[in-house]
Structures are given as structure tokens and as C-alpha cells.
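As C-alpha cells, the structure follows; a few thoughts come after it.
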Amino acid sequence: MRAGAFLGVAVVGVTAALGAAGTAQAMSGGTQLPRPGAAPWLATLAVKGDAPLLARASCGGALIAPDRVLTAAHCLDGVDVKKIEVHIGSSVLSQDPGTVRDIRSAEPHPGYKLLPSPVDPDRPELSSAAYDMAEIRLTAPVRGVKPLPIAKQRPRPGTKASIFAHGITAAPDPSQPDKEIRGDVLRRGDLTVRSHAQCAAQTPAVVDDASMFCARDLDGGGATMCFGDSGSPLVVRGQRGPELVGVFSFAGETAGKVCGQAADAAFADVPGLRGPRTSEPIAGS
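Read in order, the letters of the sequence shown are residues -26 to -1, 1 to 259 in mature numbering (1 follows the signal peptide of the UniProt record, and there is no 0).
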């Protein structure tokens, strides 16, 4: 699942327009979840068109209200949302498109910005982001799916959490750099939340503690974020069941790593930026 290099810059073909302004990657390792309904609130953004969904899909997201989805702001940066559709609840992209909705509007967090790398600010693929969250309003509610509740607070270091995503599952072959191994089957990566100091120490990029936190696979599952994973939900197990704590933004690419190499993954702090009530708009909007 590795986090996206430059928030999606490496997405190619028909998905090039989606997430082109930032990190957009997918998961390597983790556990496959082919069963229908494994994550019914999971959203997959895709460019509209006649090509198979597997070829058009890019960033992820989470249904937080019948007509609202949270994703990463960089996934929509510079994108005409009228050309994007949202698929809810697909576990295997090639077999089931899930419930499909068009986008009525999209609002990035007002604080969203890309943060150039202190090491080489002219290389956008090394950049990070702050306040990397956006709210999508769908053209019609999604019926029969329970939205994913938002947790009350940012998870503390040491908390166990899981990311659910589709995306490339390995670094591209150098001899075929445009051929990505897209994650057709939904994957779950089990991670542990890290302290800000631990996260900042493993990348030269700026990690904005006010809006972002990190998590990493410390249990040997091999889960690392990759292109196509951007915007995907990080979930903890609360008293009410699964709860949303983060949306994926960036990871090892900011330190020059490729999909499959161990690295901390950075997530927008959903409880801190939006609040626990799904009726609440994005802070400052």
C-alpha cells in the first residue's frame, strides 16, 4: 500500500488526472479482503470512462454520512470533480463496482498545503502536506450502508489501527516503469500509531504535528503504503465498532523509498480537523 509519491504524481494512464498534485499510492503487503462488504464504507475515486474500473481507480476515501466522503485534499488538487465518480463498498474492483455516485462538490480543508522538502524543494515527489483532507458531497445519498463514525480524538502513540485500501502492491519494474501492479482486491494493513518524534526522525520531509500523525507496521505484516492508497481510511476499533481516525497522505517516498520498503505513513488527523459528529463541516469551511 505504500503512500503516494508526490501525492499521486506517479499515477499513470487514465488516472493521471486524479491525485496528480500530490501523494497517491497503494498498499504493499497486508491482508487481502475479497469478501463483499468487508469494508462497506470504503470509497474509491475513479476517473469517469469506459475502461475497466481497475484501470480508472485511484485514491481512496471513507463514507462518513450518506452523502459525504472524506479523502485526501491532494487527491482533488487541480482536478475537475465533474470528471470523477465515487464507488462505495467495492472489495474486488474488477468484479463489483459497488454503489456509484457522482460528485456534487468538494471542499479541501482551508489549511491544506504542500510542504516542499527541506532537502530538495525543487523535487515535488519529496514533498509532504499539511491539513491534507477534503470533504466530498455526493449527488445522492448512499442507501443501505452505515457510514463510518469519526473517532472522538487522535489516537495516541502505541494505538493499533488498520488502513483499508486498493492501490499498487509493488514498486514498478524499472524496465516497465509505466506498468503498475494495481490492487484489485481490497487490502487491510495493520499499523501502530507512532509519536511525532519517531515519525519526523525517519524522513527529511516536514511532518506537520498540528494536522498530521503517523503509523507504521511494527508487527511484521509487511504493510507499506503505495500509489493509489492516498485518501484511504485509517480505522481503530472503538466501543461502537470501527471508527475513522485518519486519511492517508504521504509516506516513504518523502525519504526516497519505494513501495514495499518499510516507512512511517502520515495521516490527516480526522478527529482533530473535523470533529466526531458527521453533521459537522470541515473546520474553517
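Ideal Cβ placement from N, Cα and C applies to all residues, glycine included.
Nothing here was measured: the structure is a model prediction, and the numbers come from that model.
query                                                                                                                                                         : result
Only counting runs of 3 or more residues, tell me where the beta strand (DSSP E) segments fall wholly within the stretch 59 to 131, in order along the chain. : 73 to 82, 87 to 89, 102 to 104 and 108 to 112
Does any residue of chain C bring its CB to less than 8 Å from the CB of residue 216?                                                                         : In summary, chain C is missing from the structure at hand, where a single protein chain is found.
Reducing DSSP to helix, strand and coil, say where residue 28 ends up.                                                                                        : helix
Quick check: what's the CA-CA separation for residue 248 versus residue 219?                                                                                  : 10 Å
Below 7 Å, is the gap between the Cβ of residue 211 and the nearest heavy atom of the ligand GDP?                                                             : This structure simply doesn't include the ligand GDP, nor any ligand for that matter.
Could you check how far apart the C-beta atoms of residue 11 and residue 72 are, in whole angstroms? I think they sit under 8 Å.                              : Contact flag wrong, Cβ pair sits at about 10 Å.
Across which residues does DSSP place residue 211 in a beta bridge pair?                                                                                      : 216
Decide if residue 231 is buried, meaning its Cβ has at least 16 other Cβ atoms within 10 Å, or exposed.                                                       : buried
Compare the C-alpha of residue 44 against each of 87, 215 and 124 and name the closest.                                                                       : 124
Quick test of the definition: if touching needs 3 or more C-beta pairs under 8 Å, does the stretch 223 to 238 touch the stretch 27 to 35?                     : no
Between the beta-carbon of residue 242 and the beta-carbon of residue 107, is there less than 8 Å?                                                            : yes
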